[in-house]
Amino acid sequence: MKQRLLLLLFAATIISSCSKKIKTIPGRYAATNKVYSQHADSLSQTLLAEAPAVLTDSLGSPIPSEWVGTVNFNLRKPNYVIIHYTAQDSVGQTLRTFTLVKPQVSAHYVIGKDGRVIHMLNDYMRAWHAGISKWGSISDMNSCSIGIELDNKGNEPFSPAQMNSLLILLAKLKKDYNIPTANFIGHGDIAPGRKPDPGIRFPWELLANKGFGYYSDIIIVPAPANFDSATALRLIGYDTRNLPAAIGAFKRHFVQREDSTTLTQFDLDVLFNVYKKY
275 MKQRLLLLLF
285 AATIISSCSK
295 KIKTIPGRYA
305 ATNKVYSQHA
315 DSLSQTLLAE
325 APAVLTDSLG
335 SPIPSEWVGT
345 VNFNLRKPNY
355 VIIHYTAQDS
365 VGQTLRTFTL
375 VKPQVSAHYV
385 IGKDGRVIHM
395 LNDYMRAWHA
405 GISKWGSISD
415 MNSCSIGIEL
425 DNKGNEPFSP
435 AQMNSLLILL
445 AKLKKDYNIP
455 TANFIGHGDI
465 APGRKPDPGI
475 RFPWELLANK
485 GFGYYSDIII
495 VPAPANFDSA
505 TALRLIGYDT
515 RNLPAAIGAF
525 KRHFVQREDS
535 TTLTQFDLDV
545 LFNVYKKY
């Protein structure tokens with residue numbers, strides 16, 4: 275009975291945290307908010323399932339199986355934050371995209387140029403923002419990350435109000451989920467050759483100074499003559515199966531002076547400086 279009560283309490287927590295109506299944008303998104311609540315409630319019911327595993331041996335005979343609920347569990351927590359730009363014309367267009375079924379894309383947060391923050395999915399839920407991606411040994415970034423979309427076409431500066439809200443949000447997420455400093459990265463980092471966002475205009479150095487991700491130091495120690503750049507990129511986390519794409523992704527994030535897939539001596543020095551932080 276105690277186990278059942280604990281599981282019910284756990285599911286109730288999920289229902290209450292995942293089914294809250296979005297109060298900041300009433301009316302216009304009432305229909306999609308309702309769908310969100312219904313879907314979240316359906317997922318919470320899955321947590322109440324107490325069915326034992328149904329197993330058979332090679333002869334088709336059933337293997338004895340039963341359910342015994344443990345009392346030691348909690349929610350899975352996000353361990354990465356992935357930053358994107360929307361590449362769309364407005365927050366309204368992005369919200370429409372994320373509230374339609376057909377595009378099959380979503381994010382946890384959208385931040386407008388005016389600094390407005392729209393929370394679209396409970397942080398413990400799995401958003402569809404990373405797509406085909408890889409970072410280190412992780413090939414399913416959606417399952418371990420929070421996605422943040424910034425209203426920006428990709429060819430314009432990020433507004434001060436937008437960056438201020440982003441920094442405040444990142445501070446909250448880092449504290450709430452104990453996210454390591456190294457785990458604040460961009461969509462382009464985890465999908466080199468496929469996605470460039472948040473692009474070379476994004477102020478990664480500002481974020482690093484606040485404790486969200488790493489950046490090269492002002493004074494850079496030259497890379498040694500035998501420095502293995504491909505290994506360094508891989509140790510940072512980049513997928514180097516397409517090495518030119520990985521180089522381009524690294525340069526967009528850490529050099530931000532050009533968009534190319536070759537490493538100059540300066541780039542090598544920056545890479546040497548950065549990889550030593552990981």
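Counting in our numbering, the sequence shown runs from 275 upward without gaps.
For every residue, glycine included, the Cβ atom is placed at its ideal position computed from N, Cα and C.
(message) Using beta carbons (cut-off 7 Å, strictly below), is Lys469 in contact with chain B?
(response) Note that chain B does not occur in the displayed structure, where there is just one protein chain.
(message) In the DSSP assignment, the alpha helix (DSSP H) including Ile420 goes from what residue to what residue?
(response) According to the DSSP assignment, Ile420 belongs to no alpha helix (DSSP H) but to the beta strand (DSSP E) extending over 419–424.
(message) Taking 7 Å as the threshold (C-beta atoms), are Arg400 and Ser417 in contact?
(response) Yes.
(message) Quick check on the burial criterion: 16 or more other C-beta atoms within 10 angstroms. Buried or exposed for Asn547?
(response) Buried: at least 16 other Cβ atoms inside 10 Å.
(request) State the Cα-Cα distance for the pair Ser503 and Ile521, rounded to the nearest angstrom. (result) Cα to Cα, Ser503 sits roughly 9 Å from Ile521.
(request) Using the Cα positions of Val365 and Ile385, report the straight-line distance between them to the nearest angstrom. (result) Going from the Cα of Val365 to the Cα of Ile385 covers about 8 Å.
(message) Rounded to the nearest angstrom, what separates Leu424 and Val355 at their Cα positions?
(response) So the alpha carbons of these two residues sit roughly 13 Å apart.
(message) Let me check one thing: in DSSP terms, what residues is Val375 bridge-paired to?
(response) Under DSSP, Val375 shares a beta bridge with no residue.
(request) Would you decide whether Arg540 is buried or exposed? Buried here means 16 or more other CB atoms lie within 10 Å of its CB. (result) For the sequence presented, residue 540 should be read as Phe rather than Arg. Result: exposed.
(message) Mapping the DSSP letters down to three states, classify Asn547 as helix, strand or coil.
(response) It is helical.
(message) I need the boundaries of the alpha helix (DSSP H) containing His461, first residue and last residue.
(response) First-last of the alpha helix (DSSP H) with His461: 461–464.
(message) For a test of the three-state rule: what should DSSP assign to Glu340, helix, strand or coil?
(response) If DSSP states are grouped into helix, strand and coil, Glu340 belongs with coil.
(request) Let me know if Phe528 comes out buried or exposed under the rule of 16 or more other beta-carbons within 10 Å of its beta-carbon. (result) Phe528 should be labelled buried.
(request) Keeping to the same chain, check which residues put their C-beta closer than 8 Å to that of Asp450; ignore five residues upstream and five downstream. (result) Here the set comprises Asp397.
(message) Does Asn307 pass the burial test, meaning 16 or more other C-beta atoms within 10 Å, or should it be called exposed?
(response) Asn307 comes out buried.
(request) Confirm, please, whether the CB-CB distance from Lys551 to Tyr488 is below 7 Å. (result) Their beta carbons are under 7 Å apart, which means Tyr488 touches Lys551 by this criterion.
(message) Going by C-alpha to C-alpha distance, which of Leu317, Pro496, Leu444 sits closest to Ser419?
(response) Looking at the Cα atoms, Leu444 is the closest of the given residues.
(message) Just to confirm before moving on: does the CB-CB distance between His403 and Leu395 stay below 7 Å?
(response) No.
(request) List the endpoints of the continuous alpha helix (DSSP H) containing Ile442. (result) First-last of the alpha helix (DSSP H) with Ile442: 434–451.
(message) Once DSSP output is grouped into helix, strand and coil, what is the label at Tyr383?
(response) In this structure, Tyr383 counts as strand in the three-state DSSP scheme.
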